[in-house]
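Asker: First residue of the sequence shown? That's 711 in this note's numbering, and the numbers climb one at a time after it.
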Amino acid sequence: MPAGKQQASIAIGDVNNDGYEDVLYMNADPNSIFLNNYGDQTFKKYELTYTKPTGGDSEANYSYKGNQWGGTACLVDYDRDGNLDAFTAAYGFTPRLMRNTLAEDVTGNQAPTAPANLSSSVSDGVVTFSWSAGSDDTTPAEALKYNLYVKKNGSDLASFVLPADSITGRLKVNETLAPIVSTSYKISGLDAGNYTFGVQAIDNSKVGSTFAKGTFTINSSSINSELANKIGVVSGTGKITITAEAGLDGAVSVCTASGATVYSKSGKISNSVVSLSPGFYVVKVSSGKNTVVKKAVVK
């Protein structure tokens, strides 16, 4: 990346369908730049140009004058043709939505194949999913990313890592969240019951495969209702408070939705206040031979 750039916004994705992730960036100067990745640690720089469409706004609105700042660069397939388009918006100039028409010698992007060999295992309230890599026409298998959803049988609700259409595999978000970057994932805090899960591959042009699907079961024997009635988890702004019956000893751990532990404590449980960033968390409390898992959302 060029040095000395301020207030830069960067978007990454395979724009020309060669399997390599390119870069779109804008910063506090008059030019937005596209960097074409040749796959050998070299990039070629292109300055974006705009053509006034027929009719519509005046020429002045399509002139590219003055600096831009505090803006956003985004690569997104807005017309659903499988190829990444570009969107830029900032103070100091008119927002631009640019359709990727591809050069004559560039083939349109194809969706990757779905992962195979799905498996799941449940241990201490944590479900571990694994699968074998998908494949793609241009993106190398080791560069594919993944998305996963879980749905309790009989429920109309499904929880996704990235919001997507569970039938077609089309992603509903682009730059907002991070996909899974390996062929395994962990989830905790689910209630007892039978579940369906799905895993899809995502290529460097941010196109998702259909979902490969599997099932798993969390037994009710792993949930201790007596201890659950003694434990309370209260969500607040920037924190959660864990309450318990007076004198109850045990161990407390707080994990992110992906299974990373962000807090742990042993001893008296009641009135444990945990400061946390906004997000979804799983609180696990063990006392004696019993364990209870509860969910919390921090604003």
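Positions of the beta carbon are idealized from the N, C-alpha and C atoms, including for glycine.
Keep in mind the model is a prediction, meaning the values are calculated, not measured.
Measuring CA to CA, which of Val962, Cys965 and Thr848 is closest to Asn914?
Answerer: Among Val962, Cys965 and Thr848, the Cα nearest to that of Asn914 belongs to Thr848.
Asker: What residue range does the beta strand (DSSP E) around Phe921 cover?
Answerer: Taken as a continuous stretch (DSSP letters only), Phe921 belongs to no beta strand (DSSP E), as it is neither H nor E.
Asker: How many Å lie between Ser773 and Phe921 at the Cα?
Answerer: Only weak support exists for where Ser773 lies, its pLDDT of 45 falling under 50; the value from the coordinates is given anyway. Cα-Cα distance, rounded: 44 Å.
Asker: By how many angstroms is the C-alpha of Lys754 removed from the C-alpha of Val1008?
Answerer: Rounded to whole angstroms, Val1008 to Lys754 spans 43 Å at the Cα level.
Asker: At what residue ranges does the stretch 948 to 998 contain a whole run of the beta strand (DSSP E), taking only runs of 3 or more?
Answerer: As far as the stretch 948 to 998 is concerned, its whole beta strand (DSSP E) runs of at least 3 residues are 949 to 954, 959 to 966, 971 to 978, 982 to 985 and 989 to 997.
Asker: Exposed or buried, Ala721, counting other C-beta atoms within 10 Å across all chains shown (16 or more means buried)?
Answerer: Its Cβ being crowded by 16 or more others within 10 Å, Ala721 is buried.
Asker: Would you kindly work out how many angstroms separate the C-alpha atoms of Ala796 and Val786, rounded to a whole number?
Answerer: Using only the alpha carbons, I get a separation of about 6 Å.
Asker: Identify, in the order they occur along the chain, each residue of the same chain with its Cβ nearer than 7 Å to the Cβ of Ser945, setting aside the five sequence neighbours on each side.
Answerer: Taken in chain order, the residues that qualify are Ala1006, Val1007 and Val1008.
Asker: Within 10 Å of its beta-carbon, does Ser813 have 16 or more other beta-carbons around it, so buried, or fewer, so exposed?
Answerer: Going by the sequence as given, residue 813 is Ala instead of Ser. Result: exposed.
Asker: Under three-state DSSP, which class holds Glu731?
Answerer: Coil.
Asker: Determine the burial state of Ile877: buried for a count of at least 16 other Cβ atoms within 10 Å of its Cβ, exposed for fewer.
Answerer: Exposed: under 16 other Cβ atoms inside 10 Å.
Asker: Let me confirm a value: Thr947 is counted as buried when at least 16 other C-beta atoms fall within 10 Å, else exposed. Which label applies?
Answerer: Thr947 is exposed by the Cβ-count criterion.
Asker: Should Ser898 and Val972 be called a contact, given that it needs their Cβ atoms to be closer than 7 Å?
Answerer: No; because the gap between Cβ atoms is not below 7 Å, this pair is not in contact.
Asker: Which residues does DSSP pair with Arg806 in a beta bridge?
Answerer: Note: Arg806 sits in a beta bridge opposite Thr798.
Asker: Select from Thr1001, Gly924, Tyr735 and Arg880 the residue whose C-alpha is nearest the C-alpha of Thr798.
Answerer: Minimum Cα distance to Thr798 is reached at Tyr735.
Asker: Please name the residue in Val943, Phe839, Lys861 and Glu955 whose C-alpha comes closest to that of Val992.
Answerer: The candidate whose alpha carbon is nearest that of Val992 is Val943.
Asker: Please classify Pro825 as buried or exposed, where buried requires at least 16 neighbouring CB atoms within 10 angstroms.
Answerer: Its Cβ being crowded by 16 or more others within 10 Å, Pro825 is buried.
Asker: Alpha carbon to alpha carbon, how far is Ser842 from Phe870?
Answerer: Distance between the alpha carbons of Ser842 and Phe870 is about 19 Å.
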